[in-house]
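The structure appears right after this line, and notes come after that.
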Amino acid sequence: MIKRGRNDVEETIVEDIHDGVGKVKVRQLLGYEPLLSLPGHPEDFDSCIRFMHETTLLPRTSIGLHSHEGNEELYYVLEGKGLMTVNEESVEMNPGDVCLTKSGSSHSFKNIGEGELRIIVLEGVVRKEEG
Numbered sequence: 011m012i013k014r015g016r017n018d019v020e021e022t023i024v025e026d027i028h029d030g031v032g033k034v035k036v037r038q039l040l041g042y043e044p045l046l047s048l049p050g051h052p053e054d055f056d057s058c059i060r061f062m063h064e065t066t067l068l069p070r071t072s073i074g075l076h077s078h079e080g081n082e083e084l085y086y087v088l089e090g091k092g093l094m095t096v097n098e099e100s101v102e103m104n105p106g107d108v109c110l111t112k113s114g115s116s117h118s119f120k121n122i123g124e125g126e127l128r129i130i131v132l133e134g135v136v137r138k139e140e141g
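When we follow my numbering, the leftmost residue of the sequence shown carries the number 11, and every step to the right adds one.
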């Protein structure tokens, strides 16, 4: 069993994440994201899941447009209000909303609320079916 709480892992400030705007706070709860310089735990998962983050976007900050090839990413809103754009289609995201970006898609995410926007981000690698 692996159990970690938000107070068990270091919160890291990432500036202009994926060429977005401003400072974003990231807690790498499980796994490891090699594209971000965060302490992590690459040995956590035996499955196709790569990482699980708790991410906080301060007001007027954003995660810049980036593509997903060979992986999928899920954003689940815990608190605040965001604007998710996937392949040029935008939707407002509120607490309890989830958005899945599939492999082959590009997305960005922006805090459009007055307060902090707190989300859970989960990424998994797409595995090809064996034939």
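All C-beta atoms in this analysis are idealised placements derived from N, C-alpha and C, irrespective of residue type, glycine included.
Note on I23: under 16 other CB atoms within 10 angstroms of its CB, so exposed under the neighbour-count rule.
Assignment of beta strand (DSSP E) within the stretch 69-115, counting only whole runs of 3 or more residues, yields 72-78, 81-89, 92-96, 99-103, 108-111 in chain order. In the displayed model, R37 falls within a strand according to three-state DSSP. Around the beta carbon of M11, fewer than 16 other beta carbons lie within 10 angstroms, which makes this residue exposed. Annotated as proximal: L39 and H63, with beta-carbon spacing under 9 Å. Annotation: T95 to D56 spans about 31 Å, alpha carbon to alpha carbon. Taking a 10 Å sphere around the C-beta of N121, we find 16 or more other C-beta atoms and assign the residue as buried. Three or more Cβ pairs closer than 8 Å define a contact, and the stretch 59-79 meets that threshold against the stretch 28-39. In the DSSP assignment, M62 falls within the unbroken beta strand (DSSP E) covering 59-67.
I27 sits away from V19, with the two beta carbons spaced by 9 Å or more.
The alpha carbon of Y85 has as its nearest neighbour, out of E98, E79, F61, the alpha carbon of F61.
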